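Heads up: the sequence shown is residues 26 to 107, going by the numbering used here. For glycine and all other residues, C-beta sits at the position ideal for the given N, C-alpha and C. Fair warning: this is a prediction, and the values are worked out from it, not measured in the lab.
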Amino acid sequence: MIEVPYRDISPDALQGLLEDFVTRQGYDTAETELSLEDLAAQVRQQLITGQLTIVYDGVTESVTVLTKQEYHARLQSAGLNS
26 MIEVPYRDIS PDALQGLLED FVTRQGYDTA ETELSLEDLA AQVRQQLITG
76 QLTIVYDGVT ESVTVLTKQE YHARLQSAGL NS
């Protein structure tokens with residue numbers, strides 16, 4: 026697993042990743058006043074503040090958003106140091 030700085034991702038790709046993350050997490054915009062774009066903006070802010078991180082998994086060749094704690098736990102379970 027490799028941590029990918031959000032600044033290294035094109036704006037369009039980052040927006041797509043954030044929207045995918047929001048929809049996979051089960052956020053229902055019908056149950057809130059917030060739009061998909063608003064929810065994605067909240068996730069972006071969490072990336073900026075360091076609460077979340079973007080991770081590339083070479084085994085599955087996928088990119089996902091994880092909390093810093095989830096990322097470090099996965100590294101530890103894989104026997105890797107952060």
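Coarse secondary structure for residue i, derived from DSSP in three states
i: SER60; result: coil
i: ILE79; result: strand
i: GLU28; result: strand
i: THR85; result: coil
i: LEU91; result: strand
Cβ-based burial, residue i [other Cβ within 10 Å; buried from 16]
i: ILE73; result: exposed
i: ALA65; result: buried
i: TYR81; result: exposed
i: LEU42; result: buried
Separation of residue j from residue i, as counted between CA atoms
i: ASP37; j: HIS97; result: 27 Å
i: GLN40; j: ALA103; result: 29 Å
i: VAL47; j: LEU91; result: 12 Å
Residues near residue i in its chain [Cβ-Cβ closer than 7 Å; skip 5 each side]
i: GLN71; result: LEU77
i: TYR31; result: LEU39, LEU72 and ILE79
i: GLY75; result: LYS93
i: ARG69; result: LEU43
Sequence-distant residues of the same chain with beta carbon closer than 8 Å to residue i, five excluded per side
i: GLY83; result: MET26 and ILE27
i: VAL88; result: VAL29, LEU42, ILE79, VAL80, TYR81 and ASP82
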